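2 protein chains.
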Amino acid sequence: MSDTRLGWKDVRDRIHRMILTGRYGPGDKLPRDADIAEELNCARSTVQRAMQDLSDSGLVERRRKGGTRVRPDPVTRATFDISITRHEVEQTGAAYGYQLIGATQEVPPRGVQAVFGQKIAQPMLRVQALHLADARPYILEDRWICLQTSPEILSLDLTGISANEWLVLNKPYDRLDMRFYAENADPARAGLLGTAPGEALLVIERTTWIGDAPITTVKASTAPGYRLRSQS
Amino acid sequence: MSDTRLGWKDVRDRIHRMILTGRYGPGDKLPRDADIAEELNCARSTVQRAMQDLSDSGLVERRRKGGTRVRPDPVTRATFDISITRHEVEQTGAAYGYQLIGATQEVPPRGVQAVFGQKIAQPMLRVQALHLADARPYILEDRWICLQTSPEILSLDLTGISANEWLVLNKPYDRLDMRFYAENADPARAGLLGTAPGEALLVIERTTWIGDAPITTVKASTAPGYRLRSQS
DNA sequence: ATTCGTAATATGTAGCTACTTAATATGTCA
DNA sequence: TGACATATTAAGTAGCTACATATTACGAAT
Numbered sequence: 000m001s002d003t004r005l006g007w008k009d010v011r012d013r014i015h016r017m018i019l020t021g022r023y024g025p026g027d028k029l030p031r032d033a034d035i036a037e038e039l040n041c042a043r044s045t046v047q048r049a050m051q052d053l054s055d056s057g058l059v060e061r062r063r064k065g066g067t068r069v070r071p072d073p074v075t076r077a078t079f080d081i082s083i084t085r086h087e088v089e090q091t092g093a094a095y096g097y098q099l100i101g102a103t104q105e106v107p108p109r110g111v112q113a114v115f116g117q118k119i120a121q122p123m124l125r126v127q128a129l130h131l132a133d134a135r136p137y138i139l140e141d142r143w144i145c146l147q148t149s150p151e152i153l154s155l156d157l158t159g160i161s162a163n164e165w166l167v168l169n170k171p172y173d174r175l176d177m178r179f180y181a182e183n184a185d186p187a188r189a190g191l192l193g194t195a196p197g198e199a200l201l202v203i204e205r206t207t208w209i210g211d212a213p214i215t216t217v218k219a220s221t222a223p224g225y226r227l228r229s230q231s
Numbered sequence: 000m001s002d003t004r005l006g007w008k009d010v011r012d013r014i015h016r017m018i019l020t021g022r023y024g025p026g027d028k029l030p031r032d033a034d035i036a037e038e039l040n041c042a043r044s045t046v047q048r049a050m051q052d053l054s055d056s057g058l059v060e061r062r063r064k065g066g067t068r069v070r071p072d073p074v075t076r077a078t079f080d081i082s083i084t085r086h087e088v089e090q091t092g093a094a095y096g097y098q099l100i101g102a103t104q105e106v107p108p109r110g111v112q113a114v115f116g117q118k119i120a121q122p123m124l125r126v127q128a129l130h131l132a133d134a135r136p137y138i139l140e141d142r143w144i145c146l147q148t149s150p151e152i153l154s155l156d157l158t159g160i161s162a163n164e165w166l167v168l169n170k171p172y173d174r175l176d177m178r179f180y181a182e183n184a185d186p187a188r189a190g191l192l193g194t195a196p197g198e199a200l201l202v203i204e205r206t207t208w209i210g211d212a213p214i215t216t217v218k219a220s221t222a223p224g225y226r227l228r229s230q231s
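So the sequences go chain by chain: A and B.
Per numbering that gives the first Met the number 0, residue 0 is the first one in the first sequence, and the count goes up by one each step.
Per numbering that gives the first Met the number 0, residue 0 is the first one in the second sequence, and the count goes up by one each step.
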């Protein structure tokens, strides 16, 4: 049929195109892997890999015995890469700056206790810091670090290394939870970010866990104009 | 060694844990797949699948001949599922409402022409609509639809079906570009969203393409309080 | 030394077999 | 008719072989 055999990406694209062109619509059932394999003259494992990929990207749903069908409620799945803030700044060609505002041991407020699912209030390390790009405020982070899982943080000089960077390199997480929302700058944050109070800020909240134990939660308020773009 | 053989997810978790515990740190080179396979008494293909997964999630980097190494610049990869707005609303248990504000043929402004990479200014269909949750404003969308790729949209009654939904079901895309940012509500949007001018709004911009041809671009201004959460 | 071609090597892919697992369908018995 | 055990089905996983491909490493020629 063809001089070159089909790779699993070819198979994936082929099925993808069939869905795109309406050959199969939302909710429709696709043939069994084995039949597609025969049709395309390739191995079932090739179709299986192709289908896995389509399933991962949210285009189809696969169930044992039930077969494969086009998702009736199509989702657009977007992925974002969030790297260490220093690298993010340096990648734009700007000079990175870091400024520690404060590091204190406090009992976290209700909201922070809630995201951690804590019952009893335990003191945590609160680190507030400002990331700069070409000496201009870039991201203001308000971070709470669990001292049970990261006691070593207390012996660190946080004026030199950002807690962000140290944690990413030394405390890899298991589970991650992210929230995005917009918030008006209060006077305090406006001052630190060098903007006017009331300015709309994109806020990125991240909480990381290792097993059931929380590691840290950050509220990163980005400077006005900050944009997050999806990969691919 | 064990009564049950290791699956590729077991292998993945095992390597993941080795990185978590510091057995291998950022930048470190991992053993060859074949060696790991022998070490764990499983097939190379099993290790390969495990490694692929770790690579996909941004934890390790793999290069032919170069081997596998822990990413020196770890990224946290977050995925978001964006579904049809109606489904999103209904899933919260709220009643969905849709209100068409206007549909006109216009030549798009510079900014829209730019995201589409258009050289010559061609008229497009502009659809402005409001999505409601329990009769309260939820998302205000300002959409531009390319008439070259979707001429059928002109014969639709957009008071009944949202352009959002029709496009997702009928014009699947090839490529997607997303931007997130925060913006202060201008008086017009504030009125439509039932909030005060200046309020911080989370804005989600999406542009979809089929091949090289643009399909649509939307600027979705979410009502205050809107939050986006990452999956898993 | 520098350049360039070639060999060596680790991952990537395809194909096959065999078996497992989850979900559906069916058939039996009350 | 309904409930429950059992068979069937289609995807999921593991193992193996063989070959492809991308890079690095090395060695020869200039």
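We put the beta carbon where it would ideally sit given N, CA and C, even for glycine.
Note that the structure is predicted; figures quoted are calculated from it, not measured.
CB-CB under 6 Å to methionine 17(A), same chain, minus the five flanking residues each way: which ones, in chain order?
Here the set comprises Tyr23.
I'd like the ranges of any beta strand (DSSP E) spanning at least 3 consecutive residues and lying wholly in the region 89-123 of chain A.
Listed in chain order, the complete beta strand (DSSP E) runs (minimum 3 residues) inside the region 89-123 of chain A are 95-105.
Once you ignore the five residues that flank leucine 146(A) on each side, which residues in its own chain have a CB closer than 8 Å to its CB?
Taking leucine 146(A) as the centre and dropping the five residues before and after it, the same chain places the C-beta of Gln104, Gln121, Pro122, Met123, Leu124, Ile152, Leu153 closer than 8 Å to its C-beta, in chain order.
Does DSSP put arginine 85(A) in a helix, a strand or coil?
In this structure, arginine 85(A) counts as helix in the three-state DSSP scheme.
Can you tell me whether DSSP reads alanine 134(A) as helix, strand or coil?
Of the three classes helix, strand and coil, the one that applies to alanine 134(A) here is coil, per DSSP.
How would you call glutamate 140(B), buried or exposed, if buried means at least 16 neighbouring beta carbons within 10 angstroms?
Answer is buried; the Cβ neighbour count reaches 16.
Would you say valine 74(B) lies against chain A (beta-carbon separation less than 8 Å)?
Valine 74(B) counts as touching chain A.
At a CB-CB cut-off below 9 Å, which residues of chain B make contact with aspartate 80(A)?
Residues of chain B passing the Cβ test: Gly57, Val74, Thr75, Arg76, Ala77.
Suppose contacts are defined by Cβ-Cβ distances below 8 Å. Is leucine 53(B) in contact with arginine 11(B) by that definition?
Yes; because the gap between Cβ atoms is below 8 Å, this pair is in contact.
Per DSSP, what are the beta-bridge partners of leucine 227(B) in this structure?
According to the DSSP secondary-structure assignment, leucine 227(B) is paired through a beta bridge with Phe179(A).
Rounded to whole angstroms, what is the Cα-Cα separation between glutamate 182(B) and aspartate 173(A)?
Between glutamate 182(B) and aspartate 173(A), the C-alpha separation is close to 33 Å.
According to DSSP, simplified to helix, strand and coil, what is lysine 64(B)?
In the structure shown, lysine 64(B) adopts coil according to DSSP, grouped into three states.
Proximity below 8 Å, CB of glycine 57(B) to CB of lysine 28(B)
Against a cut-off of 8 Å, the Cβ pair of lysine 28(B) and glycine 57(B) comes out as no contact.
Extent of the continuous beta strand (DSSP E) run through valine 213(A):
The amino acid at residue 213(A) is misidentified as valine; the sequence shows proline. Proline 213(A) -> beta strand (DSSP E) spans 212-221.
Can you list, in chain order, the residues of its chain whose CB lies under 7 Å from that of tryptophan 208(B), leaving out five sequence neighbours each side?
Excluding positions up to five away in sequence, the list reads Tyr172, Asp173, Arg174, Ile214.
Would you kindly check if the distance between the Cβ of isoleucine 119(B) and the Cβ of aspartate 72(A) is under 8 Å?
In this structure, aspartate 72(A) lies away from isoleucine 119(B), with their beta-carbon atoms at least 8 Å apart.
Can you tell me the Cα-Cα spacing of leucine 192(B) and valine 46(A), whole angstroms?
In this structure, the CA atom of leucine 192(B) is about 47 Å from the CA atom of valine 46(A).
Could you tell me whether the Cβ of phenylalanine 179(B) comes closer than 8 Å to any Cβ of chain A?
Yes, phenylalanine 179(B) lies at the interface with chain A (some Cβ there is under 8 Å from its Cβ).
Smallest Cα separation from arginine 85(B): which of Ala77(B), Ile138(B), Lys64(B), Arg68(B)?
Minimum Cα distance to arginine 85(B) is reached at Ile138(B).
Under a CB-based cut-off of 8 Å, is tyrosine 95(B) close to chain A?
False, the Cβ-Cβ gap to chain A never drops below 8 Å.
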